Each structure stands twice: as C-alpha cells, then as structure tokens.
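Numbering (my numbering), first residue to last: 2 to 301.
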Amino acid sequence: MRGSTRWWIIKKTAKLGASGIWNVEFLDLWLGDQFCSLAYSISNLYFVGCFYTRYGFGFSAHDPQAQEAWSTCGLTSTKSWGWYCLLGVLPYFARFVQSLRRYRDSKRPGQLVNAGKYGIGMVEHFVYCYWRYQGINSYFLFCFAATVNSLYACAWASPPAFGSFDCHDMSVFQDVMVDWSMCEPYARYPLLRRDLVYKSSALFYYFALISNLCIRFIWLIYIYLDETSIELRTFVAAVLEMLRRVQWNFYRVENKHLCNMAEYRITRELPLPYQFDADPKEEEAEIARLQLKKRLARLS
Numbered sequence: 002m003r004g005s006t007r008w009w010i011i012k013k014t015a016k017l018g019a020s021g022i023w024n025v026e027f028l029d030l031w032l033g034d035q036f037c038s039l040a041y042s043i044s045n046l047y048f049v050g051c052f053y054t055r056y057g058f059g060f061s062a063h064d065p066q067a068q069e070a071w072s073t074c075g076l077t078s079t080k081s082w083g084w085y086c087l088l089g090v091l092p093y094f095a096r097f098v099q100s101l102r103r104y105r106d107s108k109r110p111g112q113l114v115n116a117g118k119y120g121i122g123m124v125e126h127f128v129y130c131y132w133r134y135q136g137i138n139s140y141f142l143f144c145f146a147a148t149v150n151s152l153y154a155c156a157w158a159s160p161p162a163f164g165s166f167d168c169h170d171m172s173v174f175q176d177v178m179v180d181w182s183m184c185e186p187y188a189r190y191p192l193l194r195r196d197l198v199y200k201s202s203a204l205f206y207y208f209a210l211i212s213n214l215c216i217r218f219i220w221l222i223y224i225y226l227d228e229t230s231i232e233l234r235t236f237v238a239a240v241l242e243m244l245r246r247v248q249w250n251f252y253r254v255e256n257k258h259l260c261n262m263a264e265y266r267i268t269r270e271l272p273l274p275y276q277f278d279a280d281p282k283e284e285e286a287e288i289a290r291l292q293l294k295k296r297l298a299r300l301s
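So this is what it looks like as structure tokens:
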C-alpha cells in the first residue's frame, strides 16, 4: 500500500479505538463491522505474541517443544483464556459504544436495538472462551448464547424489512431489519428491494440471503465434541465468517448509496442546455453597483 493509504488506515483504526468521543459516520461503523468479523484473528494475536516470546523464531511447527505452546499459550490455558476473550470482545465493544453515541445524537430507539446486538455478541464470545477453558460444563450455556445471538443478528442484519433505518424514521418494529432492506413490497423480484444496483445479477441476492443465514449459525459445527479437531473447526468458522462479510459489504454499501439518493444526500449536477454570457459574480457585482447608484440618487 502507498504511504498515504497506510496512514489513512491507521487514523481510521485509531478513531475506531476511541469510539464514542466523536460523531459516528458511516465509514466508522462500516470499519467496526469489518473488525467484528475478524474477532477470531484478533483474539489469536495473543497466541502469536506468546509463542514467539516463549519459543523464539528458530523452532519448527513440528518440534515437540513448540507443540507445548498449545497448552501454555492456547485458549485452554488458565493464564491465556482471559486475553483471548478480551481481544475478541474489543470489536464488539467498539460497535456497542458507537451505537450508543448514535442514539445520543439521533434519539432513534433503533440504535439501542443495534447496541443490543453487539452486547449479545460480547456475551457469546465470552461464553465461548469460557467454554473452551472450562470444558463441557459450560457447553450448553454457549449453545444458548450463540442461538440468541444468531437469531438477533439475522433479524437485524439480513433483511425482511419495509425500509432502511438510514432512510426512514420508522418505529423500531418496522425498521428492525435494516442493513440490506430486502423484502420490500411491490418489488420486481420477490423478497428483494424495489431498487437494485446489480439488476443483472439478481440471483446473487438470493444466494446472499441464504448463505448469510446459514453462516450466522456456523457455530453449530462445535456441537461435535471431539476436542482433537476443535482448532480446525474454529478456523473454518472464522474463514466462512470473513466470506460472509465480503458479500455483506456489497449489499450494505449498495443500500447506503440508495438511501443517500432517496434522502437527496447526494446529487449529480446536470449541464443546462444553454450558457450564461456573463459570469455570475460579475453580474451580481453590476446589480449591486446599480442599486447603490439608485440609493445615492435618492439621497441627493
């Protein structure tokens, strides 16, 4: 990346870390959602730091001494699971604070509903880390928290909605599913919006709706209680979540663009079929001079 691009990313990420202090723009909440899908990678930063500080850079991944890192630096370690939980919760906490700040600025109750989604996300990640550390005793608690979080997130982020929360000032019960604003009445394509940017690829909208719902419940792969493959299943779940976020980006940004058009927050100036002979500033100055001459004539 170019130096200006790197500096831009650093500034926006730093602003995300100070969420709630400044007004929240669309870019801030969009970037926060990207980090929420990277919670697995962020939480594993502790393992990377722990491994290289304890074992250095000279060990092979198959070295028996390096294999001890799974017990000393892994999520099941007594000293480590808290760090995994803290790092993974940070993106959800940032979005939680952003939602509260947006509620303070707009007084829209829907922002409290949005804050609740990220609050439940924090609870689920904490319960997951606690289950991996504690064992089978807290497994059912994790399943309950994950079910509530998935249902909440699907209802809010994927769409049967009458309109977008960013576009219309509706009640909470009408705008509770807002990110994509699908299932609008009288749409050309059933279950989609009336206005589509990617009209030639309508089938991908249906694929996104189904895949988004399925990946929201990807935690079901943890039901198989064989601990020998838990790391692999966790990795697969994290990759699928990142793929879900990639397709989410297209339709979320598209929905935001359509909302801006509906609210006339963006316009495109069209050229007039004729030209002005005089410069507008010069014409205004000439009118001002004529008015001044009239006033002086009256006073004299």
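Glycine residues also receive a C-beta, built at the ideal position from the N, C-alpha and C atoms. Since the model is a prediction, treat every value here as computed from it, not as a measurement.
Over what stretch of residues does the alpha helix (DSSP H) that includes residue i continue unbroken?
i    : result
G122 : 111-135
V25  : Here V25 belongs to no alpha helix (DSSP H), and DSSP marks it neither H nor E.
C184 : Here C184 belongs to no alpha helix (DSSP H), and DSSP marks it neither H nor E.
W220 : Segment: none, W220 is in no alpha helix (DSSP H) and carries neither H nor E.
R102 : 82-107
Y41  : 40-44
G4   : 4-18
T73  : 70-73
Note down, in chain order, each residue of its chain lying with its Cβ closer than 6 Å to the Cβ of residue i, except the 5 sequence neighbours on either side.
i    : result
F127 : C86
L113 : Y104
S78  : none
A116 : F97, S100, L101
M171 : With a pLDDT of 35 at M171, under the threshold of 50, the predicted position of this residue should be treated as unreliable, though the coordinate-derived value follows. Excluding sequence neighbours, M171 sits near nothing in its chain.
Y41  : A239
P38  : A quick correction: the sequence has Ser, not Pro, at residue 38. Only E242, M243, R246 meet the Cβ criterion.
W132 : S139, Y140, F143
A203 : Y190
Can you tell which of the options has its C-alpha closest to the C-alpha of residue i?
i    : options                : result
Y53  : Y252, E69, S38         : E69
A147 : I121, A298, I11, R133  : I121
R217 : D196, S44, M243, Y225  : M243
F46  : S81, A286, I137, W220  : The sequence given here has Leu at residue 46, not Phe. Here the closest residue by C-alpha is S81.
F36  : R246, N256, R133, W181 : R246
D34  : Y56, I288, V254        : V254
C130 : L88, A154, Q248, S151  : L88
W181 : R189, Y119, Q248, L241 : Q248
Y134 : G75, Y225, L297, F58   : G75
E153 : K118, E185, G4, E287   : The question names Glu, but residue 153 is Tyr in the sequence shown. The residue with the shortest Cα to Cα distance from Y153 is K118.
L221 : Y93, Y252, S151        : S151
T73  : L91, F94, F48          : F48
V90  : G111, S44, R55         : S44
F27  : N261, E285, K294       : N261
V198 : V25, P186, N256, S212  : N256
I137 : Y225, Y56, Y187, L17   : Y225
N24  : D106, R55, P110        : D106
By the 10 Å Cβ neighbour count, where 16 or more other Cβ atoms means buried, how is residue i classified, buried or exposed?
i    : result
W84  : buried
E125 : buried
K12  : exposed
V237 : exposed
G50  : exposed
C215 : exposed
F141 : exposed
Y252 : buried
S95  : For the record, residue 95 in the displayed sequence is Ala; it is not Ser. So A95 counts as buried.
D29  : buried
L293 : exposed
Q291 : One point to set straight first is that residue 291 is Leu, not Gln, in the sequence displayed. L291 comes out exposed.
I10  : exposed
With DSSP run on the structure shown, which of helix, strand or coil describes residue i?
i    : result
L210 : helix
R299 : helix
L244 : helix
G57  : coil
L193 : coil
T79  : coil
E264 : coil
Y199 : coil
D64  : coil
Give every residue of the same chain whose Cβ lies closer than 7 Å to the Cβ of residue i, excluding the five residues on either side of it in the sequence, and list them in chain order.
i    : result
C155 : L214, R217
Y223 : R234
Leaving out five residues before and five after residue i in sequence, what residues of the same chain have Cβ atoms less than 8 Å from its Cβ?
i    : result
A19  : none
I231 : R133, Y223
Please check if any C-beta of chain C sits within less than 7 Å of the C-beta of residue i.
i    : result
F143 : Absent here is chain C; the protein component of the structure consists of one chain.
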